[in-house]
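Residue numbers for the sequence shown follow the numbering used here, beginning at 79 and rising by one. For every residue, glycine included, the Cβ atom is placed at its ideal position computed from N, Cα and C.
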Amino acid sequence: MRPEVLSHIDTDRAIAPSVSMDLVSLLGDVHSAGAWDDAYKLWQGAVAPADFIDAEEIERLLTASLIRWPYFTVLQDGRRADPAGYTVTRDVIGQSRGGFADPARIRRLMRQGATLKLSQLSDWHRPTREAVRAIEKVVPAAVATYVFWTPSERRGMLPHRDAAHVLVLQLEGRKEWRLYAQPGQIASTAGLDVDARHPSHTLVLEPGDALYLPHGWPHDANAVDGSSLHLTFTLTEPTPDDLVEAVLRRFEDRHHDLVHRHHARTLRQKSEEVRAALAAVVDGYEADAWLGSALSEIRKAVG
């Protein structure tokens, strides 16, 4: 079955060898085609939810206390609840360790409308880690992963922007997404300064659907007709600051004497030598290598 892609621009279709690789291929096509920041994309039936985490597996993890805060967080009305209200202290090899899940408290908070958020699944969930690796092969970005398990008619986050591209996989239940892509609302930085009175787009994700949002597109989402479980990938590209940091690392590697013996130079000499050295580094830095260095560092930071 071919996944369908919907957007307010086109309704293209694509063919790929498998369901999961379909999604990676489609995402790579969006990037390669230069449509990365042009429009949202909704791929219907793009993934098999069974390939990823589900509510039953999360229940097992909570019950066995196999994950610790901050790998999980409870959100109430878009704000983080105090971890003391849903974690416990356990004895681990003779040492008292806090931050373990208290499943009874977490379930009670969810019955009251709170959302359970799981962070950085790629650190501890193999299928998610494999998906991240596949995405990073086709997209020049650092990928972080989050799961949101939200009760019916509730939302986990307030209207907000992410300082990244966003890919959402709907795994269980249905979720209504509202986008706020009017001029002046999209920005390069994350933030809550979103005018949520008039959504530019409203769409509902069903299990198996995938949604791509360009960098900085404000949004929020409500579970409808029952609880919702979705997996989010944030795809962060190197910023100008990251590219400058890459230049500085190469500068320090190639000009050891200038960096470590600058005290032996006058201020004017330092200024002239640093200016010449930086110009030479930038001029000789091949574009792919420059990007690769910046990308490697932000992927380390995310990991």
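query	result
Span of the alpha helix (DSSP H) holding residue 342?	Run containing residue 342: none; DSSP gives neither H nor E here.
Going residue by residue through the region 129-197, where are the continuous beta strand (DSSP E) segments of at least 3 residues, counting only ones entirely within it?	150-154, 165-170, 173-179, 193-197
Here's a check: name, in chain order, each residue in its chain whose Cβ is nearer than 7 Å to the Cβ of residue 337, leaving out the five neighbours to either side.	330
So, is residue 200 buried or exposed, given that buried needs 16 or more other C-beta atoms within 10 angstroms?	buried
Excluding the 5 residues flanking residue 106 on each side, which residues of the same chain have their C-beta closer than 7 Å to its C-beta?	216, 217
Kindly indicate which residue of 253, 301, 346, 223 has the alpha-carbon position closest to the one of residue 243.	223
When DSSP labels each residue in this structure, what does residue 250 get in the three-state scheme?	strand
Go ahead and label residue 249 buried or exposed: buried means 16 or more other beta carbons lie within 10 angstroms of its beta carbon, across all protein chains shown.	buried
Here's the rule: buried if 16 or more other CB atoms are within 10 angstroms of the residue's CB, otherwise exposed. What is residue 195?	buried
Anyone know if the C-beta pair for residue 241 and residue 267 falls short of 7 Å?	yes
How would you call residue 306, buried or exposed, if buried means at least 16 neighbouring beta carbons within 10 angstroms?	buried
Give every residue of the same chain whose Cβ lies closer than 7 Å to the Cβ of residue 192, excluding the five residues on either side of it in the sequence, and list them in chain order.	152, 153, 154, 159
Give the range of the beta strand (DSSP E) segment to which residue 267 is assigned.	Unbroken run through residue 267: none, as it is neither H nor E.
State the CB to CB distance for the pair residue 131 and residue 225, rounded to an integer number of angstroms; the pair is presumed to be in contact (CB under 8 Å).	6 Å
In angstroms, rounded to a whole number, what distance separates the CA positions of residue 136 and residue 125?	19 Å
Closest to residue 277 by C-alpha separation, out of 198, 245, 265, 259, would be which residue?	259
Kindly provide the ranges of any beta strand (DSSP E) runs that are 3 or more residues long and lie completely inside the region 201-252, ordered along the chain.	220-228
Taking its Cβ as the centre, do 16 or more other Cβ atoms sit within 10 Å of residue 112, making it buried, or is it exposed?	exposed
Using DSSP bridges, identify the partner residues of residue 118.	Partner(s): none; residue 118 has no beta bridge.
Helix, strand or coil for residue 288 per DSSP?	strand
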